[in-house]
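Per our numbering, residue 759 is the first one in the sequence shown, and the count goes up by one each step. For glycine and all other residues, C-beta sits at the position ideal for the given N, C-alpha and C.
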Amino acid sequence: MGKTPNFFRYQIKNKVSRLSVSEVMTIVIAFHQSEYRDFKTYYIHFFWRATSLTNFLN
759 MGKTPNFFRY
769 QIKNKVSRLS
779 VSEVMTIVIA
789 FHQSEYRDFK
799 TYYIHFFWRA
809 TSLTNFLN
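Dropping the structure here:
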């Protein structure tokens, strides 16, 4: 196994955190099971205090 990509690392010291793979997959699966038509509306409605949408999509 190689290095872990920056996307999956947590930096608590600088308060910059990223979601783990399992967290991302949980959000995506929940979105597909919901009745929302677009991901942005779904994400803002349920995860407005979590990682920003821009950081999530990068």
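{"Asked": "Same chain, Cβ closer than 7 Å to PHE797, five either side skipped, listed in chain order", "Found": "PHE789"}
{"Asked": "Simplified DSSP assignment, three categories, for GLU793", "Found": "coil"}
{"Asked": "Separation of GLN791 from MET783, as counted between CA atoms", "Found": "12 Å"}
{"Asked": "Buried or exposed (CB count within 10 angstroms, at least 16 for buried), ILE802", "Found": "exposed"}
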